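Residue 563 is where the sequence shown starts when you use the working numbering, and the numbers rise one by one after that.
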Amino acid sequence: MRDADDAAWWRSLAGSGLLLVVAAIAGWLAGRPWAFVAMAALALAGWQLWSLWRVLQRLSARSHAPVGHGRGGWQRLQRLLHRGQQEARVRNRKLVALLRAYRAAADALPDAVVVVEPSHQRIVWFNQAATRLLGLVAPADIDAALGERLPGLSIAHWLASGRHAEPIADIASPMSPQLRLSLRLVPYSDELWLLVARDVSKLVRLEGMRRDFVANVSHELRTPLTVVHGYLEMLDPAELPAWAPMLAEMQRQSQRMTQLVDDLLTLSRLESQDTIADDSVAMQPMLAALRNEAHALSQGRHDIIVEDAAPLDLLGSQQQLHSAFSNLVSNAVRYTPGGGSIRIGFEAGADGGAVLWVRDSGRGIAAEHLPRLTERFYRVSTSRSRESGGTGLGLAIVKHVLQLHQADLAIESQPGSGSRFACRFPPERVQHREPGSN
Ligand code: ADP
563 MRDADDAAWW RSLAGSGLLL VVAAIAGWLA GRPWAFVAMA ALALAGWQLW SLWRVLQRLS
623 ARSHAPVGHG RGGWQRLQRL LHRGQQEARV RNRKLVALLR AYRAAADALP DAVVVVEPSH
683 QRIVWFNQAA TRLLGLVAPA DIDAALGERL PGLSIAHWLA SGRHAEPIAD IASPMSPQLR
743 LSLRLVPYSD ELWLLVARDV SKLVRLEGMR RDFVANVSHE LRTPLTVVHG YLEMLDPAEL
803 PAWAPMLAEM QRQSQRMTQL VDDLLTLSRL ESQDTIADDS VAMQPMLAAL RNEAHALSQG
863 RHDIIVEDAA PLDLLGSQQQ LHSAFSNLVS NAVRYTPGGG SIRIGFEAGA DGGAVLWVRD
923 SGRGIAAEHL PRLTERFYRV STSRSRESGG TGLGLAIVKH VLQLHQADLA IESQPGSGSR
983 FACRFPPERV QHREPGSN
């Protein structure tokens, strides 16, 4: 390439030089050499300007016409420019085709995808599903503020939390309350974020059906169970000594079934609840009640200590919090062999919240079980849980109660040396204990 450029340049130089030499010879023969040379130089300059004009014309007209066959520098320049233009055109065509393919793919997605500019939460682009699911209309909504365009969703605050925005599992679409959406914010760069909305109506409906089914079955089982349990209670083993072991087992099993149905009903009630009362829950009497329950369950087999280290109370549902805490206390007693110790404590949290913890010196739990403990019916050892009267639903109830109180459950455990279950409440669920309250 360099050689061809060099050759073309030398050819132009040689051509110009030759013209000047010929003009000088002709001028010398005619007796006016300088006038001839000046005229030749003028002609050369004119030709150069004309060639420059032609190049500019070609560039501004974006001409597709092929360049002539000349071999001089100008011709070479025109050919190079022509080739550059052709290559850029092919590249552009490819890019446009790629962009169209991406847009077609994004439009074919069943999920709504909205590209958002984060600083002003402006809509940059959205696909067709965003019209169906979120009601955005092109081009009117391009450049509009997303939070303002979707006022029904009240997501401006959520959007503002950017990278820390937790996905929203279920929210009604602005198009219809029956259309349920899950929202996820993907801040894939500093300049652009992606809002993805998925239609989860079917899932939510199925989840509702499952919840109703469990609640209805539990409810229906309750009456026959109460009747069976009642009759069993009326049978006196002393009158039927041969049946005594069987009666005791039947009573134990019917007690277990009643507990199971009660726990299932509690769970389905918790699941169908979105919000919770903001009642002041006095912790002093709560801790005293937990201590009594622990003593009653332990029957003197454990060393039980309660530490009330924070002049704080909680805000929430007294009955639900009591049910969660007493589940933890009951587990500690049931999974700690006699002679062990159980400590219940309430203290201020590092973030301004509060922590209620229950620690035992019992069997402990291996690390691989910890993440699954709050699943329904998940047990480390099914036989041990049944023996101790467990339903496998206790920690699921604890998790739901805490979720409703914006709190979480932290579990630390070492097999062989005991466990610590901590309910961590955020500052907005905590209030200073009123003087004189007990
Ligand atoms: P369960 O009714 O079986 O006790 P939970 O949901 O309360 O059901 O607990 C789930 C499982 O977690 C239990 O089966 C048991 O294996 C384990 N677990 C719970 N608490 C403790 C504890 N304090 N020490 C050891 N294991 C525990």
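Here a beta-carbon is modelled for each residue, glycine too, at the ideal position from N, C-alpha and C. Quantities reported herein were computed from a predicted structural model and do not represent experimental measurements.
Excluding residues up to 5 positions away in sequence, Val823, Leu826, Leu827 lie with their Cβ nearer than 6 Å to the Cβ of serine 780 in the same chain. Cα atoms of alanine 958 and arginine 946: separation of roughly 18 Å, rounded to the nearest angstrom. If you check the C-beta of glycine 900 against ligand 1, you find no heavy atom less than 6 Å away. Around the Cβ of arginine 638, a 10 Å sphere holds 16 or more other Cβ atoms; the residue is buried.
At a threshold of 6 Å, tyrosine 897 counts as near ligand 1, since its beta carbon sits closer than that to one of the ligand's heavy atoms.
In the DSSP assignment, isoleucine 587 falls within the unbroken alpha helix (DSSP H) covering 564-592.
For the pair of segments examined, the region 865-875 was found to touch the region 902-922: the number of CB pairs separated by less than 8 Å reaches three.
Residue range 841-843 is occupied by the beta strand (DSSP E) that includes serine 842.
For the 7 Å CB-CB criterion, valine 776 and serine 830 form a contact. Of the other Cβ atoms in all chains shown, 16 or more fall within 10 Å of the Cβ of glutamine 640; this residue is therefore buried.
For the options Ala569, Arg684, Ala670, the alpha carbon positioned closest to that of glycine 632 is the one of Ala569.
The three-state reading of DSSP puts serine 903 in strand, counting E and B together. Around the beta carbon of alanine 600, a 10 Å sphere encloses fewer than 16 other beta carbons of the protein chains shown; the residue is thus reported as exposed. Counted as a single uninterrupted DSSP element, the alpha helix (DSSP H) harbouring valine 599 occupies residues 595-622.
By the neighbour-count criterion, in which a residue is buried when 16 or more other Cβ atoms sit within 10 angstroms of its Cβ, leucine 802 is exposed. Three or more Cβ pairs closer than 8 Å define a contact, and the region 971-984 meets that threshold against the region 912-922. Put simply, of Gly630, Gly646, Ala603, Gly634 the residue whose alpha carbon is nearest the alpha carbon of leucine 621 is Gly646. Put simply, the backbone Cα of isoleucine 685 is about 6 Å away from that of alanine 706. Excluding five sequence positions before and after leucine 643, the CB atoms of its chain that fall closer than 8 Å to its own CB belong to Val617, Arg620, Leu621, given in chain order. Valine 895 places its beta carbon less than 7 Å from that of alanine 856.
One thing to note: methionine 737 has its Cβ no nearer than 7 Å to the Cβ of leucine 787. In the DSSP assignment, glutamate 795 falls within the unbroken alpha helix (DSSP H) covering 763-796. For glutamate 974, DSSP records a beta bridge to Arg982. Distances between the C-beta of valine 823 and the heavy atoms of ligand 1 are all 6 Å or more. Arginine 684 is bridged by DSSP to Glu679, Ala707. At a threshold of 6 Å, valine 942 counts as near ligand 1, since its beta carbon sits closer than that to one of the ligand's heavy atoms.
The C-beta of leucine 575 has fewer than 16 other C-beta atoms within 10 Å across all chains shown, which makes the residue exposed. Classified as buried, methionine 848 has 16 or more neighbouring CB atoms from the shown chains inside 10 Å of its CB.
Between valine 675 and tryptophan 755 the beta-carbon gap is near 11 Å, outside 8 Å, which marks them as no contact.
Rounded to the nearest whole angstrom, the C-alpha separation of valine 942 and alanine 759 is 38 Å.
With a threshold of 16 other beta carbon atoms within 10 Å, leucine 657 falls short and is exposed.
Bounds of any alpha helix (DSSP H) do not take in arginine 934, whose DSSP letter is neither H nor E.
Judged by DSSP in its simplified three-state form, glutamate 869 adopts strand. The beta carbon of leucine 606 sits closer than 8 Å to those of Ser578, Leu581, Leu582, all from its chain and outside the five residues before and after it, given in chain order. The C-alpha of arginine 938 is placed about 21 Å away from the C-alpha of aspartate 732. Distances taken from the Cβ of leucine 964 to the heavy atoms of ligand 1 include none shorter than 6 Å.
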